[in-house]
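S.K.: Before anything else, here's the structure in question.
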DNA sequence: GGGCTTGTTTTGAATTACTCACAATAAGTG
DNA sequence: CACTTATTGTGAGTAATTCAAAACAAGCCC
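Residue numbers (our numbering), protein chains in the order written: chain L, 1 to 158; chain V, 159 to 316.
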């Protein structure tokens, strides 16, 4: 019998090697968690990963998330007023919608083809830059929170 | 003669009153600084505002920036890996480009009409939200940094 | 135009999210 | 299996921002 450290998809194995990184249980755990439930923040990743790896530390999670992001295996999302979130969906230029009430993040495909706003029209007086990426962040209210708000709006007491 | 606290545009006076806020020297200083030089972070606002108000504190600047943002007199920009920045240009839905090298921010008008991507196409499997605003953040390299990079690329010594 | 009320600012400490230095550990290699 | 070196763990540190409570000052009343 082998060590069989939880069920880890072999493709993460290959992806790590392809990125020139060693295959460790910690990295596989983090990748597995984020593949299963995207858009988690570091604390939540730790919480989930500890089911498989009880001794994993928050600092290690930070190191791993940063390293895997730099390696191109993860993508970091940084919504306002929220710690950074991570996802395994990389390589396409999809965007995100965040609920201003509960903070939930959903994926949004690019609405206007594959590179919607990569040719900005500069405000007069500004000095143009060479643009590499354009990220669109939608802010709104998710269906759950909308329902809650409507239910709570009539009477403000409770 | 009056107290004449530096040259403050009377329109901020009116704007503050219209927002139901008291007109204080601190707020006028902050608004004046940001009107003159947009996209400053809190520390820089303090530095500039202290020319007129030497005793102003950083915490007050934070309180003022937050309050004026909530009152609709300022807009907050939160670029990744950078403290928040503020500007007096509110009420239009313009966007921003940030130089990944020096952090400079430039204004970008909306490329595709006045509400470019307000109708997102949801990724299959995601739960749609009611979108209120769509912010586009362009990341690139400004002309200055591009020049520097080209000049420095050949020899890495100095 | 002096006092009063209440919104603002200041002071000082605390918090959140994250980073760093260095020691301990364990992948991968021969 | 031993060895090298990437990776993780430990403990402390930092940057940006927030909070509680006291000091202050705008704007209103007269």
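Don't be surprised by glycine CBs; every beta carbon is placed ideally from N, CA and C. Note that this is a predicted model, so its numbers are computed, not measured.
Among V:219, V:288, V:210 and V:224, which residue has its Cα nearest to the Cα of residue 203 of chain V?
M.R.: If you number the second chain from 1, residue 203 of chain V lands on position 45. Measuring from the Cα of residue 203 of chain V, the nearest candidate turns out to be V:219.
S.K.: So for residue 27 of chain L, helix, strand or coil by DSSP?
M.R.: The residue labelled residue 27 of chain L in the question sits at position 27 within the first chain. It is helical.
S.K.: Taking all protein chains shown into account, do 16 or more other C-beta atoms lie within 10 angstroms of the C-beta of residue 260 of chain V, making it buried, or fewer, making it exposed?
M.R.: Counting from 1 along the second chain, the entry for residue 260 of chain V is found at position 102. Answer is exposed; the Cβ neighbour count stays below 16.
S.K.: Residues of chain V with a CB under 9 Å from the CB of residue 142 of chain L: which are they?
M.R.: Counting from one through the first chain, the residue named residue 142 of chain L turns up at place 142. Per Cβ cutoff of 9 Å: 285, 286, 287 and 288.
S.K.: Extract the residue ranges of the beta strand (DSSP E) inside the region 30 to 90 of chain L, only unbroken runs of 3 or more that lie entirely within it.
M.R.: 75 to 77 and 85 to 87, all fully within the region 30 to 90 of chain L.
S.K.: Assuming residue 58 of chain L and residue 42 of chain L make a contact with CB atoms under 8 Å, what is their CB distance in whole Å?
M.R.: Locating residue 58 of chain L in the first chain gives position 58, counting from the first residue. Locating residue 42 of chain L in the first chain gives position 42, counting from the first residue. Correct: roughly 7 Å between the Cβ atoms.
S.K.: Please report the distance separating the alpha-carbon of residue 192 of chain L from that of residue 132 of chain L.
M.R.: With chain L covering only 1 through 158, there is no way to say anything about residue 192 of chain L.
S.K.: Does the distance from the CB of residue 95 of chain L to the CB of residue 56 of chain L come in under 8 Å?
M.R.: Translated into positions along the first chain, residue 95 of chain L becomes position 95. Translated into positions along the first chain, residue 56 of chain L becomes position 56. Contact: no.
S.K.: What do you get for residue 63 of chain L, buried or exposed, if any count of 16 or more other CB atoms within 10 angstroms of its CB means buried?
M.R.: The residue you call residue 63 of chain L lines up with position 63 of the first chain. Residue 63 of chain L comes out exposed.
S.K.: How is residue 252 of chain V classed by DSSP in three states: helix, strand or coil?
M.R.: Here residue 252 of chain V refers to the residue found at position 94 when the second chain is read from its first residue. Residue 252 of chain V falls in the coil class under three-state DSSP.
S.K.: Counting contacts by CB-CB distance shorter than 8 Å, is residue 198 of chain V in contact with chain L?
M.R.: The count along the second chain starts at 1 and reaches residue 198 of chain V at position 40. No, because no Cβ of chain L sits closer than 8 Å to the Cβ of residue 198 of chain V.
S.K.: Expressed to the nearest angstrom, what Euclidean distance is found between the alpha-carbon atoms of residue 249 of chain V and residue 98 of chain L?
M.R.: Counting from one through the second chain, the residue named residue 249 of chain V turns up at place 91. Counting from one through the first chain, the residue named residue 98 of chain L turns up at place 98. Cα to Cα, residue 249 of chain V sits roughly 21 Å from residue 98 of chain L.
S.K.: If you measure between the beta carbons of residue 88 of chain L and residue 28 of chain L, is that distance less than 8 Å?
M.R.: What you label residue 88 of chain L is simply residue 88 of the first chain in a count that begins at 1. What you label residue 28 of chain L is simply residue 28 of the first chain in a count that begins at 1. Their beta carbons are not under 8 Å apart, which means residue 88 of chain L does not touch residue 28 of chain L by this criterion.
S.K.: Can residue 244 of chain V and residue 211 of chain V be called in contact, C-beta distance under 8 Å?
M.R.: Taking the second chain and counting its residues from 1, one reaches residue 244 of chain V at position 86. Taking the second chain and counting its residues from 1, one reaches residue 211 of chain V at position 53. No, Cβ-Cβ distance for residue 244 of chain V and residue 211 of chain V is not below 8 Å.
S.K.: Per DSSP, what kind of secondary structure is residue 305 of chain V in: helix, strand or coil?
M.R.: Here the question's residue 305 of chain V lines up with position 147 in the second chain. In this structure, residue 305 of chain V counts as helix in the three-state DSSP scheme.
S.K.: For residue 142 of chain L, collect the residues of the same chain with a Cβ closer than 6 Å to its Cβ; drop the 5 residues on either side in sequence, then sort them by chain order.
M.R.: Residue numbering aside, residue 142 of chain L sits at position 142 when the first chain is read from its first letter. So the qualifying residues of the chain are 99 and 104.
S.K.: Residues of chain V with CB closer than 8 Å to the CB of residue 134 of chain L, please, in chain order.
M.R.: Walking along the first chain from the start, residue 134 of chain L turns up at place 134. Ordered by position in chain V, the residues that pass the 8 Å Cβ test against residue 134 of chain L are 294, 295, 296 and 297.
S.K.: In angstroms, rounded to a whole number, what distance separates the CA positions of residue 191 of chain V and residue 127 of chain L?
M.R.: Numbered from its first residue, the second chain carries residue 191 of chain V at position 33. Numbered from its first residue, the first chain carries residue 127 of chain L at position 127. Rounded to whole angstroms, residue 191 of chain V to residue 127 of chain L spans 20 Å at the Cα level.
S.K.: Does any residue of chain V have a CB that is nearer than 8 Å to the CB of residue 87 of chain L?
M.R.: Taking the first chain and counting its residues from 1, the one referred to as residue 87 of chain L is at position 87. It does not; no Cβ of chain V falls within 8 Å.
S.K.: Check the Cβ of residue 80 of chain L against every Cβ in chain V and list those closer than 7 Å, keeping chain order.
M.R.: For the purposes of this step, residue 80 of chain L is identified with residue 80 of the first chain, where counting begins at 1. By Cβ distance, chain V contributes 236.
S.K.: Distance cutoff 8 Å, beta carbons only. Does residue 305 of chain V sit that close to anything in chain L?
M.R.: Position 147 of the second chain, counting from 1, holds the residue named residue 305 of chain V. It does not: the Cβ of residue 305 of chain V has no partner Cβ on chain L nearer than 8 Å.
S.K.: Establish whether the CB of residue 225 of chain V and some CB of chain L are separated by less than 8 Å.
M.R.: Residue mapping note: residue 225 of chain V aligns to position 67 of the second chain, counting from 1. By this cut-off, residue 225 of chain V is not an interface position.
S.K.: I need the boundaries of the alpha helix (DSSP H) containing residue 14 of chain L, first residue and last residue.
M.R.: Here residue 14 of chain L refers to the residue found at position 14 when the first chain is read from its first residue. Per DSSP, residue 14 of chain L belongs to the alpha helix (DSSP H) from 10 to 18.
S.K.: Is residue 114 of chain L close to chain V, meaning its C-beta is less than 8 Å from at least one C-beta of that chain?
M.R.: Locating residue 114 of chain L in the first chain gives position 114, counting from the first residue. Unreliable positioning characterises residue 114 of chain L in this predicted model, as indicated by a pLDDT of 47, which lies under 50. The coordinate reading is nonetheless provided below. Taking Cβ atoms only, chain V never reaches closer than 8 Å to residue 114 of chain L, which makes this a no.
S.K.: Which class does residue 268 of chain V belong to by DSSP, given the choice of helix, strand or coil?
M.R.: Along the second chain, read from residue 1 onward, the residue named residue 268 of chain V stands at position 110. Coil.
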